[in-house]
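Visitor: Here the protein sequences line up with chains A and B, keeping their order.
For the first sequence, this note's numbering gives the first residue as 107, with consecutive numbering after it.
For the second sequence, this note's numbering gives the first residue as 594, with consecutive numbering after it.
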Amino acid sequence: MPSQNNPDDRLALLQGTLDLLILKTLVLGPRHGQGIARSIQRQSEEVFLVDHGSLYLALQRLEDKKWINAKWGVSENNRKARFYSLTPRGHEQLVEKTSEWQRLTRAMELILNGSSSPSAEEA
Amino acid sequence: MSKSKRRAEDFAAEIQSHLALEADELKREGLSEGEAQRRAHVEFGSVSTARERFYLRSRVVWLDNLARDAKFALRQLARGPGFAITAIVVLALGIGASVAIFAFVDAALLEPLPYTDPNHLVQVDEGNDRFPDWPLSYPDFLDWQRLNHSFSSLDVFSPTGFLLRSGAVTEPVQAMRVSGGFFQTLGVHPSLGRDFNPGEDRVGGPNVVLLSYSAWLHRFGARRDLIGQVIDLDGAAYTVIGVLPREFSFAILSNAEFWVPINRLSFHEHSRGFYAFMGIGRLRKGVSVQSALADMKTIAAQLQRQYPTPGREASAGVVLLSEVVTGNVRPILLTLLGGAGLLLLIACVNVASLILLRSETRRREIAVRSALGATPSRLLRQFVAEGLVFALTGCAAGIAVAAGFMRVLSRLVPKDMAANMPFLSAAGFSAHTGWFISAIALSAAFPLAITPILRLSFQPLRDGLVDGDRSSAGRVWRSLGTSMVVVELAVAVVLLAGAGLLGKSFYKLLHVPLGFEPDHLATVAVMAPNSAYTTDEQVIALYREIVRRTSILPGAKLAGVTSLLPVQCDCGIDRISFPGRPYHGEHNDVDERHISPNYLPALGAKLISGRFFTESDDASHPGVAVINQTLARTYFPGHGPVGQRIADDEGGNPAEWTIVGVIEDVREGPLDAPVAAAEYFPINQTRQNEFSLAVRTSQDAGSQLPELVSTLQQIDPNLGVSNEATMDEKVGATQAALLHRFSAWLVSGFATMSLVLGVIGLYGVVAYLVSQRTREIGVRMALGAQRSSVYSLVMRQAGWLTLAGLAIGLVCSLGTSMLIRSLLFGVQPWDGLILVCSATLLGLASMAASFLPARRAASVDPVEALRAE
């Protein structure tokens, strides 16, 4: 089955996270757009809803920034597809963005988990 | 990389491939063909939205719109070609004139000197307030060079002439004597051969010569093996050591072809009182012109204490070389630039008001477009694009016009004068001109784009759809349009008044009293080789032979020779004193001329008292002099000068001269300078190897010239004969006449164009106002108004506009004519006649321009007019 989850439970991607996910997906090797979309959905255990229009715009944006390269090629089942691959600059960005993201989530976690006790005292 | 230009088709193909891949995968997961395709589409969402987003995110949209706006603007232009052509021609004239003038200003004022680091080059002289460019004496130069702390190098030059003999031909050529470091000071290196070696400029140094590029090219066929060879100058052998670069020019005597070191001084030149050398210094880093001047003044004062000379005053001058070279053309060029700027202003205002008029007629179109959903910003962009299209096409046409103007302008500058301003030949399209054109294009596009925007933002949508000009917005706009016409007319008055003043100056200049009759006077410059004519007797015999042979030519009446022809310069200055009167070194500086007996009668000079010279006034008789009236008035007030004596110092030899005659002032100096005191000595008592011959003719003087030249060559083929011209030509070719002619013609050209443009502008506005009031006029006439009252209705409105323009223009022209007063000659900046004439001319032209629309208004058929709405 294509998707087990109810579409309503899926999360819209946070602004700016799509770029990071694309870069991460491409670490394993060149992929075409449809493969990237599938991969993100599968790896997030179908939690993320990938808007395909946004995905292709994001790909175009990353390509303009020269973080990824694109080349028309042939897929495993003999279809013409546009394959994207990471550039060295993309690699650098991935490392940087990942650590940024980790610091962000850690901070979020600290606040979200730690905020209950002081507010309880105040109340 | 082509990635930034990825095409929408490519993107669509990628989406198609995505859909196919997804469907494949869904099929693998067990869906049927049709279902898989459907799901893939559903999962993807709207394909067209994705494509639109792709399209919108790229720059293509912006460019697309711009291209569409430009295309639309061009179509609009093509739809009203009359309007477009008028606007573009007007802009092209304005832009072309100002670009051409700017190119000259750029060449003359920004890049005048083709030397290394020209801002550190100064002219150094012994000038004082009365004679700002007084040259140095050679001993002074050596001391100044040794004692100064201001210059990294100081050199001198002194123009001279040679007779160049090649084969059987002898020709006089211009040359320059320079001190050894001259070219290093300028920062010029010979393009072939070498510079002077140290020591070659010491007394007794070798005869070496550097050639100018053109001399090398034209006289010696650009032979590279010329270096090291020997040429014959004045009968002496000179070794050619090098050729100066092609771009080298020396504005002060640019046609000097032979450059020799100063290593031989004449008897006079050893004297501290013989001033013949002009200094060129390169300022040390960080030394200003003022401090260099103070330094030189200290040295001059020190030398004066060391070598006290009566009649000499310690003085020094240090002026930037660029000032010296361009000083006299600067006010003219700035005036012309100002005039061109005003013309450009008129052109822009004119086109802006044309566009306004048209945007008025397009109100309905705009209203319809905005009703159909065009956003205000979209509409504004449309107008900006139109303004840009105008400005750009105007600029392109303007560049073509400028190229034409430049060609005409450089032809207007006669060759003699252009030779002294080599920088003018560099006028053309350069990086500076490019920047200037871009700046003009932008500043022209701005008002062209902004006026319709102003207009649009005043306009509520509804007013546009409901036609008829009754809104308050219409009035606001109308006052804007009319004030533009007032500006145009005012500027036209300013230019007309300026042209009038300059034209009158030119007229006055040409009719300044000369003190002689310039018509039917043929002149030619003669140079007797020093090698062949060494004694007084030989030279005097030559004068007599020349005068005798030329005055018996058919058509010749009287002939005489002089050291310097009149109306050339206040040069050949002598400092005189008066025996029997105390003398404390006063600056009694007078023009000194050496003339043959018949010279003054040949000129047509008028004797007031005493006599002219005779052949017996020669070396065997006591020295005699003829003076002009100014000298008599200045130094012998109240008593007859005939019989009195004057004394001078002929290069270290004190001499006394008895005055035998007084003549009415003959203008020796330039046309625009007051007549200086002048003394004339018999050339038989003070011989000159370089002199000019003047022959009074009964027929046309120009036709006599070839015969004069051939007669001189018959007398002695070794004579250098040059500069044959009629006196009228000589006067017309003087710098003062040329500069005044140049500025008068150009500013008149600008004024004519501005008059035409201003009047066209007025016509346009009045015609528009009439067209807006057609219905009102129809109603008036239907109610019984006479045609004459309709005439006066329109003419009154035009009259007010004209009056306002005239009033503002007259006030402004008083200001501008004060600015150009340095160019005026014999005319006051507030010359009433000229102001009245300019105002009348413009007033008449304006009335004529408004008469046409007034007649159209008066011939309105009330029935038609009322039905029109």
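We put the CB at the ideal spot given by N, CA and C, even for glycine.
Since the model is a prediction, treat every value here as computed from it, not as a measurement.
(1) Would you kindly work out how many angstroms separate the C-alpha atoms of residue 1411/B and residue 1422/B, rounded to a whole number?
(2) Around the C-beta of residue 678/B, are 16 or more other C-beta atoms found within 10 angstroms, so that it is buried, or is it exposed?
(3) Does the beta carbon of residue 600/B sit closer than 7 Å to a beta carbon anywhere in chain A?
(4) Between residue 718/B and residue 728/B, is the Cβ-Cβ spacing less than 7 Å?
(5) Between residue 186/A and the rest of its own chain, which residues show a CB-CB distance below 7 Å, the 5 nearest in sequence each way excluded?
(6) Which residues, taken in chain order from the region 129–152 of chain A, show a beta carbon closer than 9 Å to some beta carbon of chain B?
(7) Check whether the region 1149–1168 of chain B touches the region 1177–1193 of chain B, taking contact to mean three or more Cβ pairs, one atom from each stretch, closer than 8 Å.
(8) Contact check, residue 1285/B vs residue 1158/B under 8 Å by CB: the rounded distance?
(9) Do you know whose CA, among 1387/B, 1352/B, 991/B and 1377/B, lies nearest residue 1366/B's CA?
(10) Just to confirm, is the Cβ distance from residue 871/B to residue 776/B under 7 Å?
(11) Nearest-angstrom Cα distance between residue 1161/B and residue 1127/B?
(12) On a CA-only basis, which of 779/B, 817/B, 1402/B and 1347/B is nearest residue 785/B? Give me that one, please.
(13) Could you check the C-alpha separation between residue 1079/B and residue 1431/B for me, to the nearest Å?
(14) Could you check which residue in 146/A, 151/A and 126/A has the C-alpha nearest to that of residue 167/A?
(15) Quick one, which of 136/A, 144/A, 163/A and 165/A has its alpha-carbon nearest residue 155/A's?
(16) What residues of chain A sit near residue 642/B, judged by a beta carbon separation below 9 Å?
(17) To the nearest angstrom, how far is the alpha carbon of residue 688/B from that of residue 681/B?
(18) Is the separation between the beta-carbon of residue 1467/B and that of residue 1252/B shorter than 7 Å?
(19) Let me know if residue 1222/B comes out buried or exposed under the rule of 16 or more other beta-carbons within 10 Å of its beta-carbon.
(20) How about residue 1439/B and residue 1395/B: do their beta carbons lie closer than 7 Å?
(21) Which residues of chain A have a Cβ atom closer than 7 Å to the Cβ of residue 637/B, listed in chain order?
(22) Suppose contacts are defined by Cβ-Cβ distances below 7 Å. Is residue 1416/B in contact with residue 1336/B by that definition?
(23) Let me know the secondary structure DSSP gives residue 1276/B once reduced to three states.
(24) Measure the CB-CB distance between residue 47/A and residue 196/A and report whether it falls below 7 Å.
(25) Tell me, please, whether the CB atom of residue 186/A is closer than 7 Å to any CB atom in chain B?
(26) Quick one: which unbroken alpha helix (DSSP H) runs of 4-plus residues sit fully inside the region 1129–1196 of chain B? Chain order, please.
(27) Tell me which residues of the region 174–204 of chain A have at least one Cβ-Cβ distance to chain B shorter than 8 Å, keeping chain order.
(28) Could you check what DSSP says for residue 855/B in three-state terms: helix, strand or coil?
(29) So what's residue 790/B in DSSP terms, helix, strand or just coil?
(30) Could you give the first and the last residue of the continuous alpha helix (DSSP H) run that contains residue 1380/B?
(31) Taking 7 Å as the threshold (beta carbon to beta carbon), is residue 1065/B in contact with chain A?
(32) Work out the CA separation of residue 896/B and residue 1176/B for me, nearest whole Å.
(33) I want to see whether chain A comes within less than 7 Å of residue 615/B, judged by CB atoms only; does it?
(34) Which of the three DSSP states, helix, strand or coil, is assigned to residue 1207/B?
(35) Using beta-carbon positions only, say whether residue 1136/B and residue 1189/B come within less than 7 Å of one another.
(36) Whose C-beta lies closer than 6 Å to the C-beta of residue 607/B among residues of the same chain, with five residues either side of it excluded?
Guide: According to the structure shown:
(1) Residue mapping note: residue 1411/B aligns to position 818 of the second sequence, counting from 1. Residue mapping note: residue 1422/B aligns to position 829 of the second sequence, counting from 1. Computed Cα separation, rounded: 6 Å.
(2) As a working mapping, residue 678/B is identified with position 85 in the second sequence. The residue in question, residue 678/B, is exposed, as its Cβ has fewer than 16 Cβ neighbours within 10 Å.
(3) The residue labelled residue 600/B in the question sits at position 7 within the second sequence. Answer no: the Cβ-Cβ gap between residue 600/B and chain A never drops below 7 Å.
(4) As a first step, residue 718/B must be located in the second sequence, where it is residue number 125. As a first step, residue 728/B must be located in the second sequence, where it is residue number 135. Yes, these two residues count as a Cβ contact at 7 Å.
(5) For the purposes of this step, residue 186/A is taken as residue 80 along the first sequence, with counting starting at 1. Only 178 and 180 meet the Cβ criterion.
(6) With the criterion set as a beta carbon lying under 9 Å from some beta carbon of chain B, the members of the region 129–152 of chain A are 138, 139, 140, 141, 143 and 144, in sequence order.
(7) The region 1149–1168 of chain B vs the region 1177–1193 of chain B: in contact.
(8) Along the second sequence, one-based indexing puts residue 1285/B at 692. Along the second sequence, one-based indexing puts residue 1158/B at 565. Contact flag correct, Cβ pair sits at about 5 Å.
(9) For this step, residue 1366/B is matched to residue 773 along the second sequence. The option with the nearest alpha carbon to residue 1366/B is 1387/B.
(10) Counting from one through the second sequence, the residue named residue 871/B turns up at place 278. Counting from one through the second sequence, the residue named residue 776/B turns up at place 183. Between residue 871/B and residue 776/B, the C-beta gap is not smaller than 7 Å, which leaves the two residues out of contact.
(11) On the second sequence, position 568 is the one that residue 1161/B refers to. On the second sequence, position 534 is the one that residue 1127/B refers to. Distance between the alpha carbons of residue 1161/B and residue 1127/B is about 28 Å.
(12) Residue mapping note: residue 785/B aligns to position 192 of the second sequence, counting from 1. Among 779/B, 817/B, 1402/B and 1347/B, the Cα nearest to that of residue 785/B belongs to 817/B.
(13) The residue given as residue 1079/B occupies position 486 in the second sequence. The residue given as residue 1431/B occupies position 838 in the second sequence. Going from the Cα of residue 1079/B to the Cα of residue 1431/B covers about 16 Å.
(14) By 1-based counting over the first sequence, the position of residue 167/A is 61. Checking every option, the nearest Cα to that of residue 167/A belongs to 126/A.
(15) Walking along the first sequence from the start, residue 155/A turns up at place 49. Nearest to residue 155/A by alpha-carbon distance, out of 136/A, 144/A, 163/A and 165/A, is 144/A.
(16) For the purposes of this step, residue 642/B is identified with residue 49 of the second sequence, where counting begins at 1. Those within 9 Å of residue 642/B in chain A are 159.
(17) As a first step, residue 688/B must be located in the second sequence, where it is residue number 95. As a first step, residue 681/B must be located in the second sequence, where it is residue number 88. Their backbone Cα atoms lie some 10 Å apart in a straight line.
(18) Past the edges of chain B, shown from 594 to 1462, lies residue 1467/B, and the structure says nothing about it.
(19) Numbered from 1 along the second sequence, position 629 holds the residue referred to as residue 1222/B. It is buried - the Cβ of residue 1222/B has at least 16 other Cβ atoms within 10 Å.
(20) Looking up residue 1439/B in the second sequence gives position 846. Looking up residue 1395/B in the second sequence gives position 802. Yes. Within cutoff.
(21) Stepping through the second sequence from its first residue, residue 637/B is reached at position 44. Residues of chain A passing the Cβ test: 158.
(22) Indexing the second sequence from 1 puts residue 1416/B at position 823. Indexing the second sequence from 1 puts residue 1336/B at position 743. Going by C-beta atoms, residue 1416/B is nearer than 7 Å to residue 1336/B.
(23) Locating residue 1276/B in the second sequence gives position 683, counting from the first residue. In the structure shown, the three-state DSSP call for residue 1276/B is coil.
(24) Here chain A has residues from 107 to 229 only, and residue 47/A is not among them.
(25) Position 80 of the first sequence, counted from the first residue, corresponds to residue 186/A. Using a CB distance cut-off of 7 Å, residue 186/A counts as an interface residue toward chain B.
(26) Within the region 1129–1196 of chain B, the complete alpha helix (DSSP H) segments at least 4 residues long are 1129–1144 and 1192–1196, listed from N- to C-terminus.
(27) Under the 8 Å Cβ criterion, the region 174–204 of chain A contributes 176, 181, 183, 185, 186, 187 and 188.
(28) Here residue 855/B corresponds to residue number 262 of the second sequence, with the count starting at 1. Coil at residue 855/B, not helix or strand.
(29) One-based indexing of the second sequence puts residue 790/B at position 197. Note: residue 790/B maps to coil in three-state DSSP.
(30) Counting from one through the second sequence, the residue named residue 1380/B turns up at place 787. Per DSSP, residue 1380/B belongs to the alpha helix (DSSP H) from 1380–1412.
(31) Locating residue 1065/B in the second sequence gives position 472, counting from the first residue. Its pLDDT being 49, under 50, residue 1065/B is placed unreliably in this model, and the value from its coordinates should be taken loosely. No, residue 1065/B lies away from the interface with chain A (no Cβ there is under 7 Å from its Cβ).
(32) Counted from its first residue, the second sequence places residue 1176/B at position 583. Counted from its first residue, the second sequence places residue 896/B at position 303. Taking the straight line joining both Cα atoms gives about 21 Å.
(33) Position 22 of the second sequence holds residue 615/B. Residue 615/B counts as touching chain A.
(34) For the purposes of this step, residue 1207/B is taken as residue 614 along the second sequence, with counting starting at 1. In the structure shown, residue 1207/B sits in coil (DSSP, three-state: anything other than H, G, I, E or B).
(35) Translated into positions along the second sequence, residue 1136/B becomes position 543. Translated into positions along the second sequence, residue 1189/B becomes position 596. Result yes, Cβ atoms of residue 1136/B and residue 1189/B sit closer than 7 Å.
(36) Taking the second sequence and counting its residues from 1, the one referred to as residue 607/B is at position 14. Excluding sequence neighbours, residue 607/B sits near nothing in its chain.
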